[in-house]
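Peer 1: One structure, pasted below without further comment.
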Amino acid sequence: MAEKRIYDSIIIGAGPGGLQAAIYLGRYRRDVLLIDRTGGRTWHAKHIENFLSQKLITGEEIITKGMEQAKSFGVKIEKGKVTSVTKRDHFEVQTEKDVYHSLFVIVSSGVYDILPPVENLYSFFGTSFFTCVDCDGYRTTGKKMVILGNDIEAVNHAFAMREMYTPDITVILDSPRIPPEYEEELKDENIRFVAGRPVRLVGKENLEAVELDNGHRIACEVIMSTYGYHRNDDFLSGLPLKRNPGGYFITDPHYESSLSGLYIVGPLNTGHDQVVIAAGEGAVAAIELNKRLIERKKMAYFLE
Ligand SMILES: Cc1cc2nc3c(=O)[nH]c(=O)nc-3n(C[C@H](O)[C@H](O)[C@H](O)COP(=O)(O)OP(=O)(O)OC[C@H]3O[C@@H](n4cnc5c(N)ncnc54)[C@H](O)[C@@H]3O)c2cc1C
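Just so we're aligned, residue 1 is where the sequence shown starts under my numbering, counting upward by one.
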């Protein structure tokens, strides 16, 4: 059944960004609904060790504890996939089953990895198959590494990984050619280059190799995949939101988008995709949004 209630804020996405915003708004004793379809990037992070004061924590722990914390401050959490957001005098947030109303919206729906169609990938995803240098680069230190990709980004990753973490690198590119000057540089740095299409990851407990479509196997202990991300933002397509040339949403320093009252935090704006950054942005958006609610009340009082 559709609800008639108008929330102070609806938050879309229960990752670190959305949960941190929910905790702040809950503690301001605001009327908050958090909608999440479950299964974002943070769920896949099995080994987070760059979050202040946490020697080691999993993404699942952050989300589970964050949900409990948000609930303890009165935040209502609904499972559901948001399909559209519209704005008239207030926001309407449509899910596959219901429509909800609010004065403000915080979007924290994150991104998802573009992964190559490789058999057995999820056996190693997050443990030895990685997609993010800032997250897991450190964990490749001294290991036999393969870098997968389909453009020059993979080669650039190889130079960076060699500088920081390991000299033992093979770059496997879907596309057969790279500019000759890059090939030269790879040789100079002792980085191996193979053109081919990966089809399978080999190994049981531990990753042992990548198999190519020609049957050839390249031995490795870790993989850094460089195919990039897609944004979870289809549901915003009906709104007049400004984006930069890269497609990221333009926001002000408090993460308010070009549509008044709609805040966008996490990797959908130009920020880096990190737990602490998404959480920090969620906190900023919530503090600013709360100030707006206070102003709104003041205005209503003077207009009476
Ligand atoms: C393998 C792996 C390891 C990582 N390791 C680290 C690390 O060590 N350190 C670190 O800082 N970061 C790490 N990260 C990155 C970290 O997970 C991201 O920074 C974080 O996910 C960003 O938080 P977020 O709140 O923006 O998005 P997410 O955590 O992706 O949360 C978004 C939420 O929105 C939901 N959602 C999306 N679309 C909709 C919709 N239409 N309707 C309703 N809900 C929706 C999703 O289901 C999800 O629950 C890692 C990521 C991966 C994949």
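For glycine and all other residues, C-beta sits at the position ideal for the given N, C-alpha and C.
(1) Between the segment 59-71 and the segment 29-49, can you find at least three pairs of beta-carbon atoms closer than 8 Å?
(2) Taking the CB atoms as reference points, tell me whether Ile-152 and Ile-169 lie closer together than 7 Å.
(3) Please identify the residue among Gly-17, Asp-89, Val-284, Gln-94 whose C-alpha is closest to the C-alpha of Ser-109.
(4) Which residue wins for smallest C-alpha separation from Asn-214, given the options Tyr-301, Lys-76, Pro-198?
(5) Quick check: what's the CA-CA separation for Asp-98 versus Cys-135?
(6) Figure out for me which residue from Ala-278, Ile-178, Ser-123, Ile-35 has the closest Cα to the Cα of Tyr-7.
(7) So what does DSSP say about His-157, is it helix, strand or coil?
(8) If we count the other Cβ atoms within 10 Å of its Cβ and call it buried at 16 or more, is Asn-206 buried or exposed?
(9) Per the DSSP calculation, Ser-236 is bridged to which residue(s)?
(10) Using a threshold of 7 Å, state whether the C-beta atoms of Ser-102 and Ser-237 are closer than that.
(11) How about Val-202 and Glu-211: are their beta carbons less than 7 Å apart?
(12) What ranges does the alpha helix (DSSP H) occupy inside the segment 161-230, keeping only unbroken runs of at least 4 residues that lie completely in it?
(13) To test your reading of the DSSP string, which unbroken beta strand (DSSP E) runs of 3 or more residues are found completely within the segment 68-142?
(14) When you compare each of Lys-71, Pro-116, Thr-166, Met-67 to Arg-200 by their alpha carbons, which one comes out closest?
Peer 2: Working from what's here:
(1) yes
(2) By the CB criterion at 7 Å, Ile-152 and Ile-169 fall outside the cutoff.
(3) Of Gly-17, Asp-89, Val-284, Gln-94, the smallest CA-CA separation from Ser-109 is found for Gly-17.
(4) Pro-198
(5) 36 Å
(6) Ile-35
(7) helix
(8) exposed
(9) Going by the sequence as given, residue 236 is Leu instead of Ser. DSSP output for Leu-236 lists no bridge partner at all.
(10) no
(11) yes
(12) The segment 161-230 contains these whole alpha helix (DSSP H) runs: 180-188.
(13) Taking only runs of at least 3 residues, the beta strand (DSSP E) segments lying wholly in the segment 68-142 are 76-79, 82-87, 91-95, 99-107, 111-113.
(14) Pro-116
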